[in-house]
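Heads up: the sequence shown begins at 129 in the working numbering, then just goes up one per residue.
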Amino acid sequence: MRRVGCLLLALAAAAALLTGCAPEEHEEIIFAMDTVMQLQAWGDGAEDALTRAVQRINELDRTLSVVNENSDIWAINHGQGAVEVSPDTLHLVELALELWRDTGGALNIAMYPVVRAWGFTTGEYRVVPEPERAELLEYTDLGRLELDEAAGTVTLPEGMELDLGSLGKGYAGDQVMDILRGSGVTSAIVNLGGNVQALGSQSDGSPWRVGIQDPEDESAYLAVLEISDLAVVTSGGYQRYFEEDGQTYWHIMDPATGAPADSGLISATAVGASGALCDGLSTALFVMGADAAADFWRGREDFEFVLVDQAGTIWVSEGLEDSFSLAQGYEDRTVEVVRR
Ligand code: AMP
Ligand code: MG
Numbered sequence: 129m130r131r132v133g134c135l136l137l138a139l140a141a142a143a144a145l146l147t148g149c150a151p152e153e154h155e156e157i158i159f160a161m162d163t164v165m166q167l168q169a170w171g172d173g174a175e176d177a178l179t180r181a182v183q184r185i186n187e188l189d190r191t192l193s194v195v196n197e198n199s200d201i202w203a204i205n206h207g208q209g210a211v212e213v214s215p216d217t218l219h220l221v222e223l224a225l226e227l228w229r230d231t232g233g234a235l236n237i238a239m240y241p242v243v244r245a246w247g248f249t250t251g252e253y254r255v256v257p258e259p260e261r262a263e264l265l266e267y268t269d270l271g272r273l274e275l276d277e278a279a280g281t282v283t284l285p286e287g288m289e290l291d292l293g294s295l296g297k298g299y300a301g302d303q304v305m306d307i308l309r310g311s312g313v314t315s316a317i318v319n320l321g322g323n324v325q326a327l328g329s330q331s332d333g334s335p336w337r338v339g340i341q342d343p344e345d346e347s348a349y350l351a352v353l354e355i356s357d358l359a360v361v362t363s364g365g366y367q368r369y370f371e372e373d374g375q376t377y378w379h380i381m382d383p384a385t386g387a388p389a390d391s392g393l394i395s396a397t398a399v400g401a402s403g404a405l406c407d408g409l410s411t412a413l414f415v416m417g418a419d420a421a422a423d424f425w426r427g428r429e430d431f432e433f434v435l436v437d438q439a440g441t442i443w444v445s446e447g448l449e450d451s452f453s454l455a456q457g458y459e460d461r462t463v464e465v466v467r468r
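Shown next as structure tokens:
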């Protein structure tokens with residue numbers, strides 16, 4: 129029936145044919161995990177799947193939030209002894225521990241006391257002086273966290289606090305992709321506060337075009353990645369910061385110093401199949417800096433990267449060479465392709 133309808137329409141107007149027979153677009157825009165999220169999916173089943181995806185995001189927000197008194201993270205941070213947590217929380221803490229070890233401590237979900245001292249949790253910003261930083265760092269040793277997989281518990285020493293802000297959105301994106309894929313959706317794209325995750329390709333079969341924001345101009349993209357079925361996650365100093373005495377202080381902390389990361393990078397994008405991994409890695413790469421990030425990447429096969437340094441140079445790992453292009457107006461930027 130549908131095909132016959134299209135043929136009839138074709139006789140009338142080609143444009144009407146295109147709209148009439150293209151898969152229908154569905155969209156949800158919500159505020160969750162402290163950010164605006166946009167979810168778009170095409171085709172049969174997409175509407176119901178998006179409704180369930182939104183429910184799942186809200187559930188994860190309640191479970192993983194560092195400020196919600198009913199969350200797992202609150203229970204870990206304020207409880208005593210072994211705290212029983214959901215499989216989601218257990219999985220994410222495990223992944224974070226693995227990445228903490230793999231990244232030489234650059235990703236550290238125990239930085240919360242430091243992030244708070246700098247004012248990023250309240251907006252009451254201040255430059256934290258050196259002796260205080262050293263004191264705070266004593267409470268950031270993730271090696272002291274105990275995780276009992278069989279019992280489903282996490283135990284944190286007094287004074288330590290966890291915050292999954294560096295990888296929770298990526299995990300939510302993975303969960304959304306699973307729900308959409310499981311519902312038979314073959315074309316979808318979500319933007320969870322700058323974490324872009326794509327399912328399949330665009331409904332016309334062409335790859336998704338994901339812009340990489342110019343860290344120095346909120347309204348512009350400096351490059352475009354053409355991707356399918358991948359997560360593109362960016363960490364940038366421009367996303368949350370304050371200025372004092374001509375200095376900019378941002379929300380991504382170097383666990384080695386207790387101060388905002390000063391690696392020479394102003395944005396770090398990780399691209400790969402897993403949103404949670406890419407989210408954790410984008411934060412870690414930002415802390416590491418271009419050289420260490422490139423070395424780290426050479427030791428793995430599960431992600432690619434785009435880094436922007438203070439001089440404006442863009443570092444692109446070779447796996448993205450063909451999908452990366454500079455945006456209009458940025459053609460004169462220096463691009464360094466990093467090889468294995
Ligand atoms: P993202 O936007 O994914 O890079 O995550 C940044 C957020 O993670 C910050 O707002 C902090 O709450 C927290 N954070 C800051 N520095 C680190 C770090 N080195 N490792 C893990 N989480 C961090
Ligand atoms: Mg991150």
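Yeah, the Cβ is synthetic: ideal placement off N, Cα and C, and Gly gets one too. Just so we're clear, the structure is a prediction, and the values are computed from it rather than from any experiment.
Helix, strand or coil: how does DSSP classify residue 320 here? strand
Give a yes or no on whether the C-beta atoms belonging to residue 356 and residue 336 are separated by under 8 Å. yes
For residue 414, three-class secondary structure by DSSP: helix
Thinking residue 326 and residue 233 are a contact (beta carbons under 8 Å), I'd like their distance in whole angstroms, please. The Cβ separation is near 31 Å, so there is no contact.
My parser needs the alpha helix (DSSP H) runs of 4 or more residues fully inside the region 158 to 199; what are they? 174 to 192
Can you confirm whether the region 239 to 246 touches the region 416 to 429 when touching is taken to mean that 3 or more C-beta pairs between the two stretches lie within less than 8 Å? no
Within a Cβ cutoff of 6 Å, which residues of the same chain sit near residue 379, ignoring the five residues on either side of it in sequence? 248, 368
According to DSSP, is residue 388 part of a helix, a strand, or is it coil? strand
Compare the beta carbon distance of residue 361 and residue 352 with 8 Å and say whether it is the shorter of the two. no
Report the option in 278, 277, 268 whose CA atom is closest to the CA atom of residue 287. 268
Can you tell me whether residue 303 is helix, strand or coil according to DSSP? helix
According to DSSP, residues forming a beta bridge with residue 369: 378
Segment contact, 8 Å Cβ cut-off, at least three pairs: the region 199 to 216 with the region 393 to 406: no
Taking the alpha helix (DSSP H) that residue 230 falls in, what are its first and last residues? 215 to 230
Would you say the beta carbon of residue 292 is closer than 7 Å to some non-hydrogen atom of the ligand MG? no
Contact between the region 190 to 199 and the region 167 to 176 (3+ Cβ pairs under 8 Å): no
Note the first and the last residue of the continuous alpha helix (DSSP H) segment covering residue 265. 258 to 265
Rounded to whole angstroms, what is the Cα-Cα separation between residue 282 and residue 214? 10 Å
At a threshold of 7 Å, does residue 444 count as lining the ligand MG (C-beta to nearest heavy atom)? no
Sequence-distant residues of the same chain with beta carbon closer than 7 Å to residue 177, five excluded per side: 169, 307, 308, 311, 313
Contacts around residue 166, its chain only, beta-carbon distance under 6 Å, and the 5 residues preceding and following it disregarded: 157, 319
DSSP state of residue 96 mapped onto helix, strand, coil: Look at the range of the chain in this structure, 129 to 468, and you will see that residue 96 is not part of it.
Within the same chain, show all residues whose beta-carbon is closer than 7 Å to that of residue 451, passing over the 5 residues directly before and after it, in chain order. 353, 354, 355
Quick check on the burial criterion: 16 or more other C-beta atoms within 10 angstroms. Buried or exposed for residue 466? buried
Compute the Euclidean distance between the alpha carbons of residue 254 and residue 340, then round it to the nearest angstrom. 30 Å
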